[in-house]
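A.B. asks:
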Amino acid sequence: MVRYGEIFLKSEPVKRRFVSIMTENIRLALEAEGLSHRIEAPRGRILIFGDEPRRIAAIAAGTFGVVSASVCTVTSPDIDGIAAAAVEHAGRHLRSGMSFAVRARRTGVEGFNSQELAAAVGSAVLDRVPEATVDLTAPDYEVFVEAREFGGLVYDEKLGGPGGLPYGTQGEVMALLSEGIDSPVASWLMMRRGCRMVHVHMHSGRFGGADVEEIVLRHHARLSAWVPGHPLDLLIVDMEPFFEVITALKEPRYRCILCKRFMLRVASILAKDRGAYALVNGDNLGQVASQTLANMTVIAPAASVPVLRPLIGFDKEEIVERARAIGTFEARPGSTGCTVAPRYPSTAAPAATIAQIEEEIGAESLAARAAGTVRRYRAKNGEIGEVR
Ligand code: ATP
Ligand code: MG
0 MVRYGEIFLK SEPVKRRFVS IMTENIRLAL EAEGLSHRIE APRGRILIFG
50 DEPRRIAAIA AGTFGVVSAS VCTVTSPDID GIAAAAVEHA GRHLRSGMSF
100 AVRARRTGVE GFNSQELAAA VGSAVLDRVP EATVDLTAPD YEVFVEAREF
150 GGLVYDEKLG GPGGLPYGTQ GEVMALLSEG IDSPVASWLM MRRGCRMVHV
200 HMHSGRFGGA DVEEIVLRHH ARLSAWVPGH PLDLLIVDME PFFEVITALK
250 EPRYRCILCK RFMLRVASIL AKDRGAYALV NGDNLGQVAS QTLANMTVIA
300 PAASVPVLRP LIGFDKEEIV ERARAIGTFE ARPGSTGCTV APRYPSTAAP
350 AATIAQIEEE IGAESLAARA AGTVRRYRAK NGEIGEVR
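Start counting the sequence shown at 0; every next residue gets the next number (numbering that gives the first Met the number 0).
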């Protein structure tokens with residue numbers, strides 16, 4: 000049984016559309032694992048029937064939009080059938096001296112109400128484990144029973160899901176993906192919010208670390224594993240010519256600002272090309288010199304589509320924790336240094352100075368040229384596929 004949360008609050012037609020997209024995403028995920036199954040979506044729940052319920056539940060619980068999933072025993076929709084299954088579940092976990100609670104629901108079934116169902120199941124459990132006690136506020140063990148038209152459902156475990164909205168319900172966005180910790184988390188958060196994703200990475204060529212591209216490809220592949228069955232594109236742009244130009248400038252302090260603005264410029268061109276609505280990056284207020292409020296204000300206008308910054312208010316610890324949970328954290332990233340970054344970057348670059356430098360170097364045409372250098376990798380089910 001799969002539960003969803005927020006989608007529940009939507010209007011009936013929106014809910015129907017979201018649930019059908021989520022159901023399709025679960026189907027794709029099960030198909031990617033070769034798990035045969037049958038899916039039904041009665042009111043408020045998604046039910047999946049199959050021979051490997053544990054694996055099915057774990058996969059469903061990894062799908063965006065899912066709040067939790069449980070392995071259930073299906074019974075006849077009457078008190079006796081439900082109680083017998085509940086006793087079996089309780090027999091596995093409930094020991095003498097422990098307290099327990101029965102949580103009962105009933106929809107579309109006549110002949111008893113949910114209190115009567117709970118009471119009957121409770122006394123059947125007590126018959127089996129007489130030394131147990133009932134505690135409805137803070138029980139050691141809970142067994143959930145539901146009587147529905149099609150049958151009874153009994154379960155006692157919930158696997159937590161990522162929550163959010165079903166992948167693909169919000170249109171496409173383009174995330175700027177680097178080898179760092181932050182940007183994969185930013186991308187994941189927007190995917191979890193229902194955005195179809197495309198990644199773009201700006202490659203530093205000889206100015207960057209030798210391991211960067213490999214790490215970015217790994218991030219990309221891992222993120223694609225969160226949306227099984229959906230192809231995920233990564234566009235790689237050659238930044239080397241731009242770095243040749245800005246490293247020849249006399250003043251090194253503004254390089255990071257120029258670089259960040261250039262990235263937004265190029266990504267805006269690529270996003271518009273594909274019809275992506277917005278860019279996403281891993282900016283986090285105050286984390287580094289280019290992310291001071293003053294510099295962000297100078298950098299942001301270089302984008303010609305909106306920029307989403309889902310990590311802006313996070314603490315670094317929270318981001319690291321998320322990266323670990325998502326599977327993109329790299330404890331030993333290897334050689335990733337950027338040789339263009341100056342030793343003393345400006346933390347408050349004057350916008351007029353930046354505009355003047357960009358005018359001199361012809362940033363706009365450099366960006367258009369960079370946008371023409373794209374290499375494309377396509378990942379699916381956690382693996383990098385064809386290269387074009
Ligand atoms: P991250 O850990 O995501 O690299 P960071 O804290 O190191 O972030 P920056 O390197 O200043 O911060 O980058 C800020 C954001 O700009 C990143 O989160 C990412 O979205 C984007 N970005 C940085 N470098 C690149 C790159 N080479 N290609 C694409 N996007 C990049
Ligand atoms: Mg970085």
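A virtual CB, placed ideally from N, CA and C, is assigned to each residue, including glycine.
Counting only the same chain and skipping the five closest in sequence on each side, list residues whose C-beta sits under 6 Å from that of Ala293.
C.D. replies: Close CB contacts of Ala293 within its chain, under the 6 Å cut and outside five residues either way in sequence, are with Ala347 (chain order).
A.B. asks: How about Val1 and Arg44: are their beta carbons less than 8 Å apart?
C.D. replies: For Val1 and Arg44, yes; Cβs fall inside 8 Å.
A.B. asks: Compute the beta-carbon to beta-carbon distance between Cys255 and Pro344, rounded to the nearest angstrom, for a pair I have assumed lies under 8 Å.
C.D. replies: 5 Å
A.B. asks: Starting from the Cα of Val388, find the closest Cα among Ser113, Ala57, Arg54, Phe143 and give me that residue.
C.D. replies: The question about residue 388 has no answer here: the residues shown for the chain are numbered 0 through 387.
A.B. asks: The alpha helix (DSSP H) that contains Phe242, what's its start and end?
C.D. replies: 239 to 246
A.B. asks: Can the beta-carbon of Gly170 be found closer than 8 Å to that of Ala60?
C.D. replies: no
A.B. asks: Excluding five sequence neighbours on each side, which residues of the same chain lie with their C-beta closer than 7 Å to the C-beta of Gly121?
C.D. replies: Taken in chain order, the residues that qualify are Val101, Val133.
A.B. asks: Mind checking which residues open and close the beta strand (DSSP E) that includes Val66?
C.D. replies: 65 to 68
A.B. asks: State the DSSP-derived secondary structure class of Glu178, mapped to helix, strand or coil.
C.D. replies: coil
A.B. asks: May I ask you to check if the CB of Asn24 is nearer than 7 Å to at least one heavy atom of ligand 1?
C.D. replies: no
A.B. asks: With DSSP as the reference, identify every bridge partner of Met196, one or two as the case may be.
C.D. replies: Val172
A.B. asks: To the nearest whole angstrom, what separates the beta carbons of Leu257 and Asp282, a pair I think is in contact under 8 Å?
C.D. replies: Contact between Leu257 and Asp282 is absent: CB atoms are separated by about 16 Å, not below the 8 Å threshold.
A.B. asks: If you drop the 5 nearest sequence neighbours on each side, which residues of the same chain put their C-beta closer than 6 Å to that of Asp237?
C.D. replies: His202, Thr372
A.B. asks: With DSSP collapsed to three states, give me the class of Ala103.
C.D. replies: strand
A.B. asks: Is Ile45 helix, strand or coil when you go by DSSP?
C.D. replies: strand
A.B. asks: For the alpha helix (DSSP H) holding Arg53, just list the boundary residues, first then last.
C.D. replies: 52 to 59
A.B. asks: Helix, strand or coil for Arg229 per DSSP?
C.D. replies: According to the sequence provided, residue 229 is His. The question's Arg does not apply to it. The answer is coil: DSSP assigns His229 none of H, G, I, E or B.
A.B. asks: When burial is assigned at 16 or more other CB atoms within 10 Å of the CB, is Phe99 buried or exposed?
C.D. replies: buried
A.B. asks: Have a look at the DSSP bridge pairing and note the partners of Tyr3.
C.D. replies: Val65
A.B. asks: From Pro230, Met173, Gly207, Glu156, pick the residue whose C-alpha is nearest to that of Lys379; which is it?
C.D. replies: Pro230
A.B. asks: Can you find a heavy atom of ligand 1 that lies under 7 Å from the Cβ of His218?
C.D. replies: no
A.B. asks: Examine the Cβ distances between the segment 291 to 307 and the segment 320 to 327 and report whether three or more of them are shorter than 8 Å.
C.D. replies: Contact between the segment 291 to 307 and the segment 320 to 327 is absent, because fewer than three Cβ pairs lie under 8 Å.
A.B. asks: Should Phe261 and Ala354 be called a contact, given that it needs their Cβ atoms to be closer than 8 Å?
C.D. replies: no
A.B. asks: Please tell me whether Val199 and Leu176 are closer than 8 Å, where the distance is taken between their beta carbons.
C.D. replies: In this structure, Leu176 lies closer than 8 Å to Val199 by Cβ.
A.B. asks: Do Ala174 and Gly381 have their CB atoms nearer than 8 Å?
C.D. replies: no
A.B. asks: Would you kindly report the start and end of the unbroken beta strand (DSSP E) that includes Leu365?
C.D. replies: Looking at the DSSP string, Leu365 is not in any beta strand (DSSP E); the run it does join, the alpha helix (DSSP H), is 362 to 370.
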